[in-house]
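Comments concern the structure below.
Chains as they are written, first to last, in UniProt numbering: chain A, 1 to 227; chain B, 1 to 227.
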């Protein structure tokens with residue numbers, strides 16, 4: 001008889017990167033333990049599991065550690081093959097990877113910095129952020145999800161826009177994402193957050209708003225990402 | 001009868017990112033056409049194939065475009081499955097992806113900036129670069145290649161260190177990589193550049209040195225990566 005699998009996620013409840021991993025496991029129906037990290041005082045387990053970056057999330061599968069959310073998503077898809085989150089065909093797989101990286105490398109940072117800068121610098125970041133959102137809105141087009149009829153790699157990667165960006169812009173007092181400018185993205189957000197599997201693991205908006213409001217001064221001072 | 005495959009690489013001969021793609025195709029034995037790009041005057045084909053980043057390399061396979069070297073490497077491995085460049089087991093695949101991203105996200109930029117800055121800023125980048133090289137040297141350990149006995153994803157991703165870094169430090173008049181500090185990496189470089197398949201597609205060192213020397217003033221002014 002096979003021994004029971006052990007699946008743990010080292011996470012922080014308010015992190016969109018932790019959320020990616022938990023949503024993917026939920027989509028796959030993989031039971032897992034959530035290990036909450038105190039990011040001001042990281043656990044020896046986190047430091048040992050991700051000695052290079054020392055960041056959550058980390059997936060621990062039968063004791064073996066995989067760090068970095070996009071890498072974890074690929075691992076999850078290769079390990080538990082039901083309900084695939086990457087498309088089957090190599091070209092579509094490649095483009096799903098491309099859009100996920102585009103979100104991480106270009107969009108999230110521009111949105112983040114738009115919230116925590118002022119004056120001309122803020123205008124520059126907001127222009128960058130809007131250009132990225134424009135591209136994503138066009139890429140999504142009339143589809144229900146980036147993954148087509150079901151949530152896939154790009155949707156999971158885009159979770160940040162579905163909840164966190166709205167909270168951040170409220171804390172910062174700016175408006176980046178709205179239905180007039182980005183109708184496809186806004187329709188996607190509605191469908192994404194209303195989907196059962198997302199609802200089950202999304203952190204509560206009021207709690208998220210409170211945590212970012214309480215951290216606002218600290219974030220303004222460092223401008224560094226809060227995970 | 002199946003139609004002949006059409007495989008093209010939009011590339012620049014002196015680019016380590018183009019080299020990654022060409023080495024992977026060579027390892028797979030996939031015949032391909034090299035389309036040289038003038039980076040000062042990019043072709044309509046490049047702009048149409050990679051409209052978001054407008055960068056080489058782009059792989060065109062039967063007319064379909066895949067941009068971004070690490071994404072292309074995965075595409076190549078999924079499309080032509082002989083001589084795998086990623087390991088088979090999900091955990092090893094994940095860690096190969098992790099090290100490739102570490103090279104791109106942390107190491108290459110630090111090495112690049114070490115070559116084109118001065119004074120305290122340069123010292124800071126050189127420290128960062130050495131810390132990255134230290135981590136890679138330790139990760140490699142006594143193995144012949146990062147991929148074990150044969151060249152794999154991480155080796156291909158690390159091509160920059162095998163030839164380009166040596167050329168750049170010569171142009172910049174600094175020393176980052178040497179056998180005393182990084183014995184494993186230096187042994188790896190020797191083995192990598194001596195391997196037949198690498199020799200067949202590596203650009204000539206003297207030509208590379210000449211191009212970076214001639215571009216030195218322009219690079220110093222912008223510090224931006226030359227592809």
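For glycine and all other residues, C-beta sits at the position ideal for the given N, C-alpha and C.
Residue state for residue 11(A) is assigned as strand, using DSSP reduced to three classes. In the DSSP annotation of this structure, residue 88(A) is not part of any beta strand (DSSP E), being labelled neither H nor E. Going by C-alpha positions, residue 166(A) is about 35 Å away from residue 90(B). Here the alpha carbons of residue 137(B) and residue 107(B) stand approximately 12 Å from one another.
In this structure the region 108-120 of chain B touches the region 170-177 of chain B; the number of beta carbon pairs closer than 8 Å is three or more. Residue 73(B) is positioned such that its CB atom lies closer than 9 Å to that of residue 85(B). Spatial neighbours of residue 185(B) in its own chain (CB-CB distance under 7 Å, excluding positions within 5 residues in sequence) are listed in chain order as 133, 136, 137, 140, 161 and 177. Within chain B, the residues whose beta carbon sits less than 8 Å from that of residue 90(A) are 75, 78 and 79, listed in sequence order. Annotation: Cβ neighbours of residue 64(A) in chain B (cutoff 8 Å, chain order): 91. When DSSP states are grouped into helix, strand and coil, residue 179(B) belongs to the coil group. Scanning 129(A), 53(A), 187(A) and 118(A) for the CA closest to the CA of residue 143(A) turns up 187(A). Residues of the region 181-193 of chain B with a Cβ closer than 8 Å to any Cβ of chain A: none. Contact between the region 93-100 of chain B and the region 75-84 of chain B is absent: fewer than three C-beta pairs spanning the two stretches fall below 8 Å. Residue 200(A) and residue 189(A) have their C-alpha atoms spaced approximately 15 Å apart. Taking C-beta atoms as the reference points, residue 68(B) and residue 130(A) fail to come closer than 9 Å. Your pair residue 11(B) and residue 56(B) checks out as a contact, with CB atoms roughly 5 Å apart and the cut at 8 Å. DSSP lists 7(B) and 64(B) as the beta-bridge partner residues of residue 61(B).
Note on geometry: alpha-carbon atoms of residue 4(B) and residue 22(B) lie some 19 Å from one another. Taking the CA atoms as reference points, residue 195(B) sits about 45 Å from residue 39(A). Under the Cβ criterion of 9 Å, residue 67(B) is counted among the residues facing chain A. For residue 34(A), the enclosing beta strand (DSSP E) has its first and last residue at 33-36. Following the DSSP letters along the chain, one finds residue 149(B) in no alpha helix (DSSP H), marked with neither H nor E. Per DSSP, reduced to three states, the secondary structure at residue 83(A) is coil, with no helix or strand assignment. With fewer than 16 other CB atoms across the displayed protein chains lying within 10 angstroms of its CB, residue 62(B) is exposed. Cβ atoms of residue 58(B) and residue 49(B) come within 8 Å of each other, at about 5 Å. Residues of chain B whose Cβ lies closer than 9 Å to the Cβ of residue 11(A) do not exist, since the nearest Cβ in that chain is about 17 Å away.
Minimum Cα-Cα distance from residue 219(A) among the listed residues 192(A), 207(A), 172(A) and 193(A) corresponds to 172(A). Residue 199(A) carries a helical assignment under DSSP once its states are collapsed to helix, strand and coil. Pairing residue 20(A) with residue 203(A), the inter-Cα distance amounts to about 12 Å.
Cβ-Cβ distances below 6 Å link residue 60(A) to 8 in the same chain, with the five nearest sequence neighbours on each side left out; the list follows chain order. A straight line joining the alpha-carbon of residue 122(A) with that of residue 170(A) spans about 15 Å.
Not one beta carbon of chain B lies nearer than 9 Å to the beta carbon of residue 148(A). The beta-carbon separation of residue 37(A) and residue 46(A), rounded to 6 Å, stays under the 8 Å limit for a contact. Using a 10 angstroms sphere on the CB of residue 224(A), the tally of other CB atoms stays under 16, which defines it as exposed. For residue 214(A), the closest alpha carbon among the candidates 150(A), 42(A), 168(A) and 17(A) is that of 168(A).
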